[in-house]
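Engineer:
Residue numbers (the working numbering): 54 to 233.
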């Protein structure tokens with residue numbers, strides 16, 4: 054019943070949970086010894102997993118001073134593990150998420166949130182998708198293709214200094230690996 058309602062909602066956050074939902078349904082059919090229905094649901098899970106349906110707009114948070122038309126490219130150092138060269142450039146469809154990323158970014162520049170357009174394909178950010186919640190409720194993505202800056206946002210919900218300190222402590226204590 055819940056899946057029927059979810060299928061009727063045209064919402065990218067809801068759609069991001071479909072791979073997990075269909076995979077769990079498939080496991081239930083396996084437990085019921087119904088391999089045909091299990092296979093069908095695994096195929097549905099795969100069909101949603103590899104192609105995010107999100108159409109944006111998309112944002113990228115940073116402390117870099119950039120201009121409309123500039124390209125953001127993969128290959129920079131991670132904000133969270135400076136020794137790690139990133140194979141992807143990250144984007145989100147949530148402006149406040151990009152604002153948080155800007156606040157946590159390395160550097161001394163002011164926090165900036167750019168409106169970006171992917172120049173190629175993108176995928177769910179595997180560092181957050183299906184971790185604490187099914188799907189990708191943060192609407193976070195990554196791409197190996199450049200992101201083109203098409204504008205800048207100046208109005209987003211900024212974290213308090215206390216909230217930012219909690220985020221920094223959480224990141225410093227994170228023992229998990231970055232999926233690069």
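Ideal Cβ placement from N, Cα and C applies to all residues, glycine included.
Since this is a predicted model, take the numbers as computed values, not measurements.
Looking only at its chain, what residues have a beta carbon closer than 6 Å to the beta carbon of residue 78, apart from the 5 residues adjacent to it on each side?
Structural biologist: Your numbering for residue 78 matches position 25 in the chain shown. Only 94 meet the Cβ criterion.
Engineer: Using only the alpha-carbon positions, how far apart do residue 199 and residue 121 sit?
Structural biologist: Counting from 1 along the chain shown, the entry for residue 199 is found at position 146. Counting from 1 along the chain shown, the entry for residue 121 is found at position 68. One C-alpha to the other measures close to 14 Å.
Engineer: Taking the alpha helix (DSSP H) that residue 62 falls in, what are its first and last residues?
Structural biologist: To locate residue 62, count along the chain shown from 1; it is residue 9. From DSSP, residue 62 is part of no alpha helix (DSSP H); its letter is neither H nor E.
Engineer: If you draw a straight line from the alpha carbon of residue 72 to that of residue 160, how long is it in whole angstroms?
Structural biologist: Position 19 of the chain shown, counted from the first residue, corresponds to residue 72. Position 107 of the chain shown, counted from the first residue, corresponds to residue 160. C-alpha separation (whole angstroms): 37 Å.
Engineer: Which first and last residues belong to the beta strand (DSSP E) in which residue 171 is found?
Structural biologist: Here residue 171 corresponds to residue number 118 of the chain shown, with the count starting at 1. Here the beta strand (DSSP E) through residue 171 covers 165-171.
Engineer: Please look up how many angstroms separate the CB atoms of residue 209 and residue 140, rounded, as I've assumed it's under 8 Å.
Structural biologist: The residue given as residue 209 occupies position 156 in the chain shown. The residue given as residue 140 occupies position 87 in the chain shown. In fact, because the Cβ distance is near 27 Å, the residues do not count as touching under 8 Å.
Engineer: When you compare only the Cα positions, how much space is there between residue 216 and residue 226?
Structural biologist: The residue you call residue 216 lines up with position 163 of the chain shown. The residue you call residue 226 lines up with position 173 of the chain shown. If I take the Cα positions, the gap works out to 15 Å.
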